[in-house]
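In this note's numbering, the protein residues as written are 2 to 309. Below is one structure, written out as structure tokens, with a few remarks after it.
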Ligand SMILES: [Zn+2]
């Protein structure tokens, strides 16, 4: 799932291309994408993009007349940009987009933005809202760690007694962090994914705070450098430069121990036993008993809980 660093880099690319541009038309390729009926989608046709912002893991396109298109890519949604306005889309061909994965096409005077979703599950969502206030309805309320200080972070972290993995990936607690970057943050902080938030020592909380900030900042810079001014077309949760996420059985870049995993639902958590759990392997079965109520069942479920 695209997380804060991916979304920030998408937003920068969108800023350079569509800020101040007029949206000529949106064509939907799937009837499931749009989750709102009012105002009608055609209301944004002919409106200029006046601002772009992030809300958790959502991308918000702000238009004139205080209209907001809010896009959640979920796991498999991706954006693409073509410099020429689309030619394949003719008037009246609303449901016949050329590519089956294509969920929506946004035509601007200077190019076309398209949304695709891999796989067969249609989870990505689009909302059209009137008024910046109504954005709050879609705000899961997670703390923006890059805009917070240590006491705010500590208070949020310890507001309930969760495992660190669960706390970091809960969009109601922290904004923009998902399965991939939480693995990297916990590895960087040398903390176990199953440590309980209310058992942490003050110095461990400070380490986690610093690691969260530095991992998010470093990854924004890395992804920005990777995109190289082009539209980010290779958005993935698995990056070669990651230390543990997606690196099961590979050596930890810090201590050389083999990276291990805990599997749950469709996700897995990767960690280094050498750096994070004092050499202890965390067994799937024991954990599932211990943490059934607390362990995130899937990132998707966490993301959509209580807000749709
Ligand atoms: Zn290690």
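No residue lacks a Cβ here, since even glycine has one placed at the ideal position from N, Cα and C.
Under 8 Å, Cβ to Cβ, is there at least one residue of chain C near residue i?
i	result
residue 204	Going by chain labels, chain C is absent from the structure shown, which holds only one protein chain.
Of the residues the options, which one's Cα is nearest the Cα of residue i?
i	options	result
residue 279	195, 302, 223, 111	195
residue 200	176, 164, 171, 181	164
residue 117	236, 212, 84	236
residue 186	173, 166, 197	166
residue 3	29, 75, 65	75
residue 238	180, 162, 232	180
residue 111	122, 82, 134	82
residue 108	45, 53, 140	45
residue 305	25, 223, 190, 138	138
residue 188	171, 210, 202	210
residue 261	254, 249, 268	249
Looking at the structure shown, is residue i part of a helix, part of a strand, or coil, going by DSSP?
i	result
residue 264	strand
residue 90	Below a pLDDT of 50, predicted positions are generally treated as unreliable, and residue 90, at 49, falls in that range; no measurement from the model is reported.
residue 34	coil
residue 3	coil
residue 276	helix
residue 252	strand
residue 8	helix
residue 284	coil
residue 234	coil
residue 103	strand
residue 16	helix
residue 109	strand
residue 50	strand
residue 114	strand
residue 222	helix
Let me check you understand the geometry: is the CB of residue i closer than 7 Å to at least one non-hydrogen atom of ligand 1?
i	result
residue 61	no
residue 255	yes
residue 275	yes
residue 212	no
residue 193	no
residue 258	yes
By Cβ distance below 7 Å, which residues in the same chain neighbour residue i in space, the five residues on each side in sequence not counted?
i	result
residue 206	155, 158
residue 132	67
residue 162	197, 198, 199
residue 21	49, 50
Below 8 Å CB to CB, which residues in the same chain sit around residue i once its five sequence neighbours on both sides are set aside?
i	result
residue 119	77, 79, 102
residue 123	31, 33, 34, 104
Can you give me the Cβ contacts of residue i inside the same chain, cut-off strictly under 6 Å, excluding the 5 residues immediately before and after it?
i	result
residue 15	53
residue 49	23, 65
residue 5	177, 217
Practice problem: Run through the stretch 116-193 for me and flag every whole alpha helix (DSSP H) of 4 or more residues, listed as ranges in chain order. | Solution: 151-158, 165-170, 180-190
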